[in-house]
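J.:
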Amino acid sequence: MTIIDITRPLAGNSLAYPGDTAPHFIQSDAGLYLVSDIRMSSHSGTHIDAPVHYLKTGLTVDELPLSHLIGPCRVLDVSGAGPLIDVSWIKNRTDGVPRILLKTVFSTCTSFSEEYPSLTLDAAKYLTSTGTLCIGIDSFSIEKFDCDGSVHRELLHHGCLIIELLDLSHVPEGDYTIFALPLRLAGLDGAPARVILVTNDGGK
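With the numbering used here applied, the sequence shown corresponds to residues 209 to 412, in that order.
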């Protein structure tokens, strides 16, 4: 069994979406032990969006069905798509796999750009029409920077959970088992998550 960690490390210099609280950690020596104070956005680092994030109603992050976030998944390499990933890059490539991760050129990026890769509405509608349970991407957001929220709403309204800011730079296209577990933050719109892929064939 091979375990691949696709979580971006959270640190004080981690990438942050404009307007979000950047991660800020203060560690103190309490004599017998160390303890840290943590301040950050609920969408810091690799994180999962709950339906309430854009729908403002529905499931909060502590209520998400973990069955959507654990199980067979497929990584699709769409690094040639440019800033907008339309349906042509996804259609006929999912083969009914219920969890899809999009590998773009952004996995190697270390600074913010408004031109980060994102999903178009037609691609989101294709995913919901095929019953996709979860969609992940390695960029800041599943939706473009100057968005109207329609991509998020299409996905979340149909129960397709969203994972953002993954690190897929070292992951070849292919099939894996995903485990994506958000912090159980009661009543909130999203949470940082530890996300791993597992393969039983000795690596890809």
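Virtual Cβ for every residue (Gly too), placed ideally from N, Cα, C.
Identify which residue in I298, I370, S319 and S337 has its Cα closest to the Cα of G344.
T.: The shortest Cα separation from G344 among I298, I370, S319 and S337 belongs to I370.
J.: By how many angstroms is the C-alpha of S287 removed from the C-alpha of P202?
T.: A query on residue 202 cannot be resolved here, the shown segment of the chain reaching from 209 to 412 and no further.
J.: Let me know the secondary structure DSSP gives R307 once reduced to three states.
T.: Of the three classes helix, strand and coil, the one that applies to R307 here is strand, per DSSP.
J.: Below 6 angstroms CB to CB, which residues in the same chain sit around K412 once its five sequence neighbours on both sides are set aside?
T.: The predicted position of K412 is uncertain, since its pLDDT is 44 and thus under 50; a value taken from the coordinates is nonetheless stated next. Contacts found: P380 and G382.
J.: Taking 8 angstroms as the threshold (C-beta atoms), are S252 and L218 in contact?
T.: Yes. Within cutoff.
J.: What's the C-alpha gap between N300 and P306?
T.: Going by the C-alpha atoms only, they are around 13 angstroms apart.
J.: With a CB to CB cut of under 8 angstroms and the five nearest residues on each side skipped, what residues in its chain are close to Y225?
T.: Within the same chain, Y225 has close Cβ partners S249, H251, F320, F348 and S349.
J.: Going by beta-carbon coordinates alone, are H276 and A399 separated by less than 8 angstroms?
T.: Against a cut-off of 8 angstroms, the Cβ pair of A399 and H276 comes out as no contact.
J.: I need the straight-line Cα distance from K333 to L364, nearest angstrom please.
T.: Between K333 and L364, the C-alpha separation is close to 11 angstroms.
J.: Compare the Cα-Cα distances from I211 to each of A289, D245, E323 and H378 and report the closest residue.
T.: Of the candidates A289, D245, E323 and H378, the one whose C-alpha sits nearest the C-alpha of I211 is H378.
J.: Quick check: D257 and E372, are their CB atoms within less than 8 angstroms of each other?
T.: Yes, the pair counts as a contact, with Cβ atoms nearer than the cut-off.
J.: Use the C-beta contact count for I214: other C-beta atoms within 10 angstroms, 16 or more gives buried, fewer gives exposed.
T.: Per the 10 Å Cβ criterion, buried.
J.: Do D346 and T312 come within 8 angstroms of each other at the CB atom, strictly closer than that value?
T.: Their beta carbons are under 8 angstroms apart, which means T312 touches D346 by this criterion.
J.: Measure the Cβ-Cβ separation of L396 and T229 and say whether it is below 8 angstroms.
T.: No, Cβ-Cβ distance for L396 and T229 is not below 8 angstroms.
J.: Please list the terminal residues of the continuous alpha helix (DSSP H) segment that includes Y334.
T.: First-last of the alpha helix (DSSP H) with Y334: L329 to S337.
J.: Among T338, R282 and S315, which residue has its Cα nearest to the Cα of L376?
T.: For the residues T338, R282 and S315, the minimum Cα distance to L376 belongs to S315.
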